[in-house]
Structure formats: C-alpha cells, structure tokens
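Protein chains: 4
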Amino acid sequence: MAWRDAFREQRRMAILEAAARVFARKGYQRATMREVAAEAGIAPGTIYLYFHNKRDLLLSIAERLVGEIGRLLVQPPEGELRPFIATLLRNQLEMMRRNRPFTRVLLTEVMTDEALRRQYQERVVAPVLAQLEARLQAGVEAGEVRPLNASIVTRAIVGAVVFLLLSAGEPLGDFLAEERQDEVVAELTDFFLCGLQPCKGEEG
Amino acid sequence: MAWRDAFREQRRMAILEAAARVFARKGYQRATMREVAAEAGIAPGTIYLYFHNKRDLLLSIAERLVGEIGRLLVQPPEGELRPFIATLLRNQLEMMRRNRPFTRVLLTEVMTDEALRRQYQERVVAPVLAQLEARLQAGVEAGEVRPLNASIVTRAIVGAVVFLLLSAGEPLGDFLAEERQDEVVAELTDFFLCGLQPCKGEEG
Amino acid sequence: MAWRDAFREQRRMAILEAAARVFARKGYQRATMREVAAEAGIAPGTIYLYFHNKRDLLLSIAERLVGEIGRLLVQPPEGELRPFIATLLRNQLEMMRRNRPFTRVLLTEVMTDEALRRQYQERVVAPVLAQLEARLQAGVEAGEVRPLNASIVTRAIVGAVVFLLLSAGEPLGDFLAEERQDEVVAELTDFFLCGLQPCKGEEG
Amino acid sequence: MAWRDAFREQRRMAILEAAARVFARKGYQRATMREVAAEAGIAPGTIYLYFHNKRDLLLSIAERLVGEIGRLLVQPPEGELRPFIATLLRNQLEMMRRNRPFTRVLLTEVMTDEALRRQYQERVVAPVLAQLEARLQAGVEAGEVRPLNASIVTRAIVGAVVFLLLSAGEPLGDFLAEERQDEVVAELTDFFLCGLQPCKGEEG
DNA sequence: GATGAATGAGTGTTCATTCAT
DNA sequence: CATGAATGAACACTCATTCAT
C-alpha cells in the first residue's frame, strides 16, 4: 500500500519535472501535452492519471515552489545584518538553482496569468518582501541601517537576485552556476551592505 | 506620394500600439488577432496588409523598444558617477513607463522565444550592461569606486530596475508611477552609490 | 444589410439540415463535427461561425421542431370529433414527414439527455397531450365520447402516431410516405373513433 | 466443472445488469466502461473476461430481451379476441416493466445502430407484429373484426404500448407502474376492441 | 482469474491566415 | 485598400482496450 503510494508520487514528480523542463524551454502556452509526455517518456493519456489538466501541471509547479520557499523563510537567522543578508541571498540563489526550470516557468506565466499571479504574489513574493522589509525597517530604527525607504530598497534587492535567473545561460555569464555561488553571494552582500549602512568605511 | 506613406506609417503604428496593449493585457500567446483588430478598430484581415503575421507584430514591438533604448544609450553624460547613475536610472524608468505595455510583453516573450531573446539580448540588454559595466570598471581603476566584480554588480543594478516593472500594479506599490519617479530615482541612487564607493560617510 | 442576413440565415439552415441528416443516420453522439461539415460541404471551423458548439446544433434542431409544432397546435378546428381527430393526425404525420431527420434525432436524444427531455417534454409533448386530452374529456362530458380514462387513451393515440416514425424505412412498410398519407389518416381515424364513441354502429 | 460454469454465468449476468442500468441512466454512448465496472463492483479489465467489448454488452442485452419476448410469443391463447388482446397487452407491459432498463437502452440504440436495428427488427418487432396482424386478419375474415388495414392498425396498437415506456417517469403519469397495470390493460383493451369490432354497443 | 495503470487513436474546438468581394 | 467569411491544421482531453503483475 505505502509502496504503491510512493511509486505513484515518484511518477507524479517525474511528470512534473518533465513538464517544468518543457515549459521552461518553450513557455507554457507553446508547450504541448504531447511534448511533455514525450519528455517524460510516457503516453499523453498517462499524464491525466496524475494531473487534472494542463493548467494543473502549472499550478502544481507553482505549489511546489511555494513549498520550497516557505521552508526557506523560516531559516534566516536573527541577529547581525550581514549574516542575515548573506543567508537570504544564499538561500534564494540556491533555491532558484535547484528549481531552475520551475522558477523560469513561473516567472514567465505569472506575468500573463492573473490567477496565478495573485496566488504567487500572496504566498511567495509578499512574504519574502515583508520579511526583508521588516528587517530593514527594524535596522533603520535601531540605527544599524541608514535612513532609507525600505519598501523601495527591498524591491531593489529582490530584483537584483531575480534578474540573475534571467541571465541564466546567456553568453555573458551564468551567475546561478553552483561553482560561482559563493562569489556571487559575497559580492552582492558587500554591495548591498555598503548601501544599507551609514558607511563607516567597512569593507569585506 | 509621401502623403500616402505617412498615412500608411501612421496606421501601422496604430495597429502596433493596439497589439502592444492587447499583448500586455493577455500575453502574446493568449491574445488573438481578432482582439488586436478590434482594439485597433479595423478588420482582422487588414492587419496583414501592414504586418506579415502575428509574430511580426511581436518583433516590431521589440524593434521599437530597441530604437527607444538606443536613443537613451547615447545620452548618459560623462563625468561624475552620481549624475551618471541618476541619469541612467531616470532614463530607464522613464522609458519603461512610457512603453510599459511593450516592455511587459517583451519581458515575458523573451523568456520563451529563442530568436527574440537573441535579438533583444544583443541589441538591448548587452549594450546597456556593457555601458554600465565599463563605467564601473573605469571607476574602479580610477579609485572612484571600491574594488568589486563589475559584472555581477552591473546585473544587480539592472535587475533592481527591471523588477520594479514586474511590481507594477501590485497592491504594495506601483513604483513606475510618474509622480513617484523622482523619489524612486533618488532612493536607488543613494542605495547604489553607497554600495559602490569606499564609503567615506558621504550622503545627501 | 437584409441581404446579408438572409444569406446568413440560409447558410445556417443548410448546416442545421446537414447536421440533422448526419445525426439521424449515426446518432448525435456517434456523429462527428467533421462529418457534419462534410455533409454541408464546408470546413469544420465554419460550423462554429453559425453555432456555438455541437450541442447547440442539437438544441437548434429541437427549437426548430418546437416552432413547427407550435404552429400546428393553433390549427385543429373546434366542432365535430371526427374532423378534429383527422386533422390532428394529418398535421402530425405531415410535420413528421417534412422534418423526418429532425424528429428521428430528437426522439433518440430525448431519451438520454435529461435537459433536452425536459425542454421537449414541456414545450412539445405536454401541450400536444393536453390539447388532445382536453378535447376527449370534453367529449366524454358531452356524451359524445364513451366514458374512458382520457389520460391513458391520449397516450395510446399519440404513441400510435409516433411509432409510425420508427417504422420509417423498414421493409414491412413506410407509413410516412406521402402517397400513403391519406390512407393512413383514414384508417387511424376510423380505428380511433370507433374506440372513442359509444359504438352506435358508425363506420367510414 | 459445471460449478465453475455456473459461477461464470452468474458473474456475466451481474455485469450485464450493471451495464443495462448504467446504459439506461446515461445512454449507451455516454456511459463509460469504468462506470459499468464501478456499478458491477469490479475492475474495468474484468469486463473483458466476460465480453468482447462495449458493443458486445449492448448486443447481449438485446439478446436477452429477444429471449424474453420469444417466450411470450408462444403463450397468447387461441380463441376469443378480447382475451387475446388483453393477454398480449398484459404480457408486453409486464415484460417491459421487468426489463425496463434493457428496453430503454435498446429503443434508443436501435434507432442509430444499423446492425442492432436489423437484429431487433427481425427477431423481435417483426414476429410480434406478424402474430398480431395475423390474428386481426383472421378476425376480419371471420367477421369477428370490422374490415380494416391490419398492417396499419397493428402498428398503431404496438406503438400505443411502446409509447407508454417513453412516458415512464414523466410527471403526467407513469403507466408502467405495477399497481396501475390492470387499469391500463383494461382501458387499452376496451379502447382497441371498440375500434376493432363492428360496434354493436358491447362494453364491460 | 482479477486487476488497474498505461496506452493512443479520435473528438470538439480554436484561431492564424487567406482571398473573393 | 479594406473586409470578414471561410479555412484547416493543431491542440487538450477522453476512454475503450490491453497486458504485466
């Protein structure tokens, strides 16, 4: 019984990953169920034994990302600003790298699918922004961070990270590559921190 | 004769703008030629007198943006870093705001359309990145900017700006609104500059 | 303008009749839109310029019959029982013959399609039954008709007529053929009348 | 060994009855094998151990009805016309009531399935019609029945009975209900007989 | 024998594109 | 030039049937 369920879940995940790859390659709309099936090495009809319809594939991809990110949100440590930022960046980059196709698909579809946008906005973007913004605001009030519009700066930071995903695979450099992660995290941390502090002359 | 051409060009632009609006609303794939025609107040067949096919509409939208951005690239002044950054930000934000529907469409399609990505990458993203990166690199060598990986930081800056577009219309704030532009430019300039300089305690 | 509309209506009817023929031949479910299109000599997509979907074809067929029958219901003359019955039979047989494919389709689908059954039941069957039953009941009270259960006898009469449709095309005889209509009407009128009257020995 | 066969036959019948119920509910085409299996409390694949395919289910249902009716045909007594008619009606109504789901399915499918129509026509409808028609013809020649077109009148009688099946479940009355059977048989017998005889004033 | 996961042919429907008017 | 009716290829999805377990 449990064996049956485990096999089923494994199959489900294999299909979901195949779908994410195809969607990432051609976009959700351009991708056909036939293609997804081929990528998963099964017949088209089989997909429907695990998912209601094409849209369910997309929503399930979103759901999976939501879960991943939710897990990350608990982690960022209290305390010093620098490790907070560094951890935040590392977590986000790692999550994006591990779920790259999923993330690409979502970033694309979120812009044209109203319902999906709302869902993702509420359950992923808003919490992440809120967490970072709260930390910055607290820092400002504690004098740890120079006076600034936390709302704008928060988006600037998140945007900087997200944009790296878009550059994935481009000739100018793939900054999501695992071997470059430490370098990228260090560089961004320095860049951001210097901008967030009253600038005492500190440097990594 | 030239009168004929002017009329033709005017109509072409009207169709292109209608297409951009519809594409921005529903996404390129979900939009139908019938809808574009309705938005432009003409019959579906008429579109094909001005554009080869649906894809040509998209490419023409991209082409138009390329032109806009090309015009911006000439302008950024030599000299001080702060006005350079501020001008860069203001120009980008303004361009995005003025061509918001076009930009949205493109950002979406660029992720799934290989040819479009290459075109946009080569003619828009790369030049912008290169210009900024070169200026940073020069600043580093002149001691004006602290030592940093210009390649990474450049992308962080561009990403921060682009992300604001994605947040357009969200409840947390629309940072592309015209009346907020000065505020946003100032805030980002401060944020970036502080991160780019040895941090002597400078601040406006 | 009126010319346009007339052409459109003509086209619509041609498609509807083609659909009725195909549906009558293979049944609604087994029939494919491709087949209907072929029967009408057009492309599949064209059907959708005139009807919302396959079901709309079926409902439109029903609607057309409803209209036809509605027109008949006004006609049966007051007065003598014999001409009343004879007219009723003649009208029904003629209507069935003229709309044979439509009737066949409906009789079939009405048995498996709940919504269609309700619609047809309410707007066609019930009125016809009611009209006949009321006349019989009146006849009973006037002593013109022998005492009987008008509800049951009404259904027996309608059933007798409907069944002739089912026998259409069978080797044992096609009683809907135009040249046999007078004979059939006379025979059924005699048969029914004799059963409805106190049996004074009357005969045609 | 015979024990095995008995078990097999029993299971076959259970499936057939489940199929008849589902077919009666949703129509043959709309019904799915999955549904039939669920109704029978078995797995879809199991059906194919007892029947070749979906169509075989339908044909087997027809076959079963053919057997039922065949048994009835032997019974109608020689002798008086009134008991002959009454028995015929009672038998038919009872048979229909007992096999209501089967009959409904068949009536529907017979209209669109050429092969099924032929089979049912030859083995069920034709014999029943022939038996009744022969009796009427004999009655005419014996002066027991008034001169009439036996072919037409026969169909009118059968049609009257069949139509009652169609009206099953309608708000105006379900004349196949067991408790109403005697009333219906009496009423129809009177109705028909009065129409078949020279009308001497006879009546119960 | 029984199962039910897997199959893939077939269906209704959409929509970019054409072309006669 | 402009139209919009007509086209038909392509797609998501269903379901009868098979077969490894």
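Those protein sequences? They're chains Y, X, U and P, same order as listed. Residue 1 is where the first sequence starts when you use the numbering used here, and the numbers rise one by one after that. Residue 1001 is where the second sequence starts when you use the numbering used here, and the numbers rise one by one after that. Residue 2001 is where the third sequence starts when you use the numbering used here, and the numbers rise one by one after that. Residue 3001 is where the fourth sequence starts when you use the numbering used here, and the numbers rise one by one after that. For each residue, glycine too, the CB sits at the ideal point set by N, CA and C. No experiment lies behind these values; they were computed from the predicted model shown.
Notebook entry, point to check: Between the beta-carbon of Q131 (chain Y) and the beta-carbon of L73 (chain Y), is there less than 8 Å?
Noted result: Indexing the first sequence from 1 puts residue 131 (chain Y) at position 131. Indexing the first sequence from 1 puts residue 73 (chain Y) at position 73. Against a cut-off of 8 Å, the Cβ pair of L73 (chain Y) and Q131 (chain Y) comes out as a contact.
Item checked: Own chain, CB closer than 7 Å to Q1137 (chain X), minus 5 neighbours either side, in chain order -> The count along the second sequence starts at 1 and reaches residue 1137 (chain X) at position 137. Correct list, in chain order: A1150.
Checklist line | Alpha-carbon to alpha-carbon, F2163 (chain U) and V3162 (chain P) | finding: Within the fourth sequence, the letter at position 162 stands for residue 3162 (chain P). Within the third sequence, the letter at position 163 stands for residue 2163 (chain U). Roughly 8 Å separates the two Cα atoms.
Check: For L1165 (chain X) versus L1106 (chain X), is the C-beta spacing smaller than 8 Å?
Finding: Here the question's residue 1165 (chain X) lines up with position 165 in the second sequence. Here the question's residue 1106 (chain X) lines up with position 106 in the second sequence. Inclusion of L1165 (chain X) and L1106 (chain X) in the CB contact set at 8 Å is not warranted, their separation being larger than that value.
Notebook entry, point to check: What is the DSSP secondary structure of A1130 (chain X), reduced to helix, strand or coil?
Noted result: Residue mapping note: residue 1130 (chain X) aligns to position 130 of the second sequence, counting from 1. Assignment of A1130 (chain X) by DSSP, reduced to helix, strand and coil, places it in the helix class.
Notebook entry, point to check: Whose Cβ in chain P lies nearer than 7 Å to the Cβ of M2095 (chain U)?
Noted result: On the third sequence, position 95 is the one that residue 2095 (chain U) refers to. Ordered by position in chain P, no residue passes the 7 Å Cβ test against M2095 (chain U), which lies about 16 Å from the chain.
Checklist line | Boundaries (first-last residue) of the alpha helix (DSSP H) holding G2067 (chain U) | finding: Start at 1 with the first residue of the third sequence, and residue 2067 (chain U) comes out as number 67. Note, G2067 (chain U): alpha helix (DSSP H), K2054 to L2073.
Next item on the list: Mark M13 (chain Y) as exposed unless 16 or more other C-beta atoms lie within 10 angstroms of its C-beta, in which case mark it buried.
Entry: As a first step, residue 13 (chain Y) must be located in the first sequence, where it is residue number 13. Classification for M13 (chain Y): exposed.
Note to self: I'd like to know whether the C-beta atoms of R3155 (chain P) and L3193 (chain P) end up nearer to each other than 8 Å.
What the structure shows: For the purposes of this step, residue 3155 (chain P) is taken as the residue at position 155 of the fourth sequence. For the purposes of this step, residue 3193 (chain P) is taken as the residue at position 193 of the fourth sequence. Contact annotation: R3155 (chain P) and L3193 (chain P) have beta-carbon atoms that are not nearer than 8 Å.
Check: CB S60 (chain Y) to CB L116 (chain Y), shorter than 8 Å?
Finding: Counting from one through the first sequence, the residue named residue 60 (chain Y) turns up at place 60. Counting from one through the first sequence, the residue named residue 116 (chain Y) turns up at place 116. With respect to the 8 Å criterion, S60 (chain Y) and L116 (chain Y) are not classified as neighbours on the basis of their beta carbons.
Item checked: Rounded C-alpha distance that separates M1033 (chain X) from A1024 (chain X) -> Position 33 of the second sequence, counted from the start, is the residue given in the question as residue 1033 (chain X). Position 24 of the second sequence, counted from the start, is the residue given in the question as residue 1024 (chain X). Annotation: M1033 (chain X) to A1024 (chain X) spans about 14 Å, alpha carbon to alpha carbon.
Note to self: So that I know if they touch, is there some Cβ in chain Y lying closer than 8 Å to that of M1111 (chain X)?
What the structure shows: The residue you call residue 1111 (chain X) lines up with position 111 of the second sequence. Yes, M1111 (chain X) lies at the interface with chain Y (some Cβ there is under 8 Å from its Cβ).
Check: Quick one: Cα of D2113 (chain U) to Cα of E133 (chain Y), how far?
Finding: Start at 1 with the first residue of the third sequence, and residue 2113 (chain U) comes out as number 113. Start at 1 with the first residue of the first sequence, and residue 133 (chain Y) comes out as number 133. Going from the Cα of D2113 (chain U) to the Cα of E133 (chain Y) covers about 59 Å.
Margin query: If contacts are defined as beta-carbon pairs under 8 Å, then I1152 (chain X) and F175 (chain Y) qualify, I think. What distance do you get, rounded to the angstrom?
Written below: As a working note, residue 1152 (chain X) is residue 152 in the second sequence. As a working note, residue 175 (chain Y) is residue 175 in the first sequence. Yes, they are in contact, since the Cβ atoms of I1152 (chain X) and F175 (chain Y) sit about 6 Å apart, within 8 Å.
Note to self: If the criterion is Cβ atoms closer than 8 Å, does the pair A160 (chain Y) and G1159 (chain X) meet it?
What the structure shows: The sequence position of residue 160 (chain Y) within the first sequence is 160, counting from 1. The sequence position of residue 1159 (chain X) within the second sequence is 159, counting from 1. Result yes, Cβ atoms of A160 (chain Y) and G1159 (chain X) sit closer than 8 Å.
Margin query: Runs of 3 residues minimum, wholly inside the stretch 2117–2165 of chain U: which ones carry the beta strand (DSSP E) assignment?
Written below: With a minimum length of 3 residues, there is no unbroken run of beta strand (DSSP E) contained wholly in the stretch 2117–2165 of chain U.
Next item on the list: Give the secondary structure of V1184 (chain X) by DSSP, where H, G and I count as helix, E and B as strand, and everything else as coil.
Entry: The residue given as residue 1184 (chain X) occupies position 184 in the second sequence. V1184 (chain X) falls in the helix class under three-state DSSP.
Notebook entry, point to check: Whose Cβ in chain X lies nearer than 8 Å to the Cβ of E187 (chain Y)?
Noted result: On the first sequence, position 187 is the one that residue 187 (chain Y) refers to. E187 (chain Y) reaches chain X at L1148, N1149, I1152 and V1153, counting residues in chain order whose Cβ is nearer than 8 Å.
Next item on the list: Report yes if the C-beta distance between A3038 (chain P) and T3046 (chain P) is below 8 Å; otherwise report no.
Entry: Here residue 3038 (chain P) refers to the residue found at position 38 of the fourth sequence. Here residue 3046 (chain P) refers to the residue found at position 46 of the fourth sequence. Their beta carbons are not under 8 Å apart, which means A3038 (chain P) does not touch T3046 (chain P) by this criterion.
Next item on the list: For V124 (chain Y), I'd like the list of residues in its chain whose CB is within less than 6 Å of its CB, leaving aside the five on either flank, ordered along the chain.
Entry: The residue you call residue 124 (chain Y) lines up with position 124 of the first sequence. Closer than 6 Å at Cβ, skipping near neighbours: V66 and I69.
Next item on the list: Drop a sphere of 10 angstroms on the beta-carbon of L89 (chain Y), count the other beta-carbons inside from all chains shown, and report buried for 16 or more, exposed for fewer.
Entry: Locating residue 89 (chain Y) in the first sequence gives position 89, where the first residue counts as 1. Looking at its Cβ environment, which holds 16 or more other Cβ atoms inside 10 Å, L89 (chain Y) is buried.
Note to self: Helix, strand or coil for N3099 (chain P)? Go by DSSP, reduced to three states.
What the structure shows: Here residue 3099 (chain P) is taken as the residue at index 99 of the fourth sequence, counted from 1. Looking at N3099 (chain P) - three-state DSSP - the assignment turns out to be coil, as it is neither helix nor strand.
Notebook entry, point to check: Do you know how far the Cα of E3141 (chain P) is from the Cα of R2100 (chain U)?
Noted result: On the third sequence, residue 2100 (chain U) is found 100 positions in, with the first residue counted as 1. On the fourth sequence, residue 3141 (chain P) is found 141 positions in, with the first residue counted as 1. Annotation: R2100 (chain U) to E3141 (chain P) spans about 36 Å, alpha carbon to alpha carbon.
Item checked: Chain-ordered residues of the stretch 35–51 of chain Y with a beta carbon less than 9 Å from chain X -> Of all residues in the stretch 35–51 of chain Y, none has a Cβ within less than 9 Å of some Cβ in chain X.
Note to self: Below 8 Å on C-beta distance, what does F1163 (chain X) contact in chain Y?
What the structure shows: The residue labelled residue 1163 (chain X) in the question sits at position 163 within the second sequence. What F1163 (chain X) touches in chain Y: R155, A156, V158, G159, A160, V162 and F163.
Item checked: Buried versus exposed, by CB contacts within 10 Å (16 or more), D1182 (chain X) -> The sequence position of residue 1182 (chain X) within the second sequence is 182, counting from 1. D1182 (chain X) is exposed by the Cβ-count criterion.
Checklist line | Local conformation of V2110 (chain U) per DSSP, three classes | finding: In the third sequence, counting from the first residue as 1, residue 2110 (chain U) sits at position 110. For V2110 (chain U), the three-state secondary structure derived from DSSP is coil.
Margin query: On the CB-based measure, 16 or more other CB atoms within 10 Å of its CB, does L1049 (chain X) come out buried or exposed?
Written below: On the second sequence, residue 1049 (chain X) is found 49 positions in, with the first residue counted as 1. Exposed is the call here.
Check: Hey, out of Y:E187, Y:E178, Y:E94 and Y:E109, whose CA is closest to R1146 (chain X)'s CA?
Finding: On the second sequence, residue 1146 (chain X) is found 146 positions in, with the first residue counted as 1. The alpha carbon of R1146 (chain X) has as its nearest neighbour, out of Y:E187, Y:E178, Y:E94 and Y:E109, the alpha carbon of Y:E187.
Note to self: Any beta carbon of chain Y sitting closer than 8 Å to that of R1100 (chain X)?
What the structure shows: Walking along the second sequence from the start, residue 1100 (chain X) turns up at place 100. With a threshold of 8 Å between beta carbons, R1100 (chain X) makes no contact with chain Y.
Margin query: Cβ closer than 9 Å: which chain P residues qualify as neighbours of Q2029 (chain U)?
Written below: Looking up residue 2029 (chain U) in the third sequence gives position 29. Against chain P, the beta carbon of Q2029 (chain U) has neighbours under 9 Å at G3027, Y3028, Q3029, R3030 and T3112, listed in chain order.
Check: Does any CB atom of chain U fall closer than 8 Å to the CB of C3194 (chain P)?
Finding: By 1-based counting over the fourth sequence, the position of residue 3194 (chain P) is 194. It does; some Cβ of chain U falls within 8 Å.
Check: Taking 8 Å as the CB-CB cut-off, is V184 (chain Y) touching chain X?
Finding: Start at 1 with the first residue of the first sequence, and residue 184 (chain Y) comes out as number 184. By this cut-off, V184 (chain Y) is an interface position.
Margin query: Taking the straight line between their C-alpha atoms, what separation do you get for R2008 (chain U) and F2051 (chain U)?
Written below: Position 8 of the third sequence, counted from the start, is the residue given in the question as residue 2008 (chain U). Position 51 of the third sequence, counted from the start, is the residue given in the question as residue 2051 (chain U). Spanning the two alpha carbons is a distance of roughly 12 Å.
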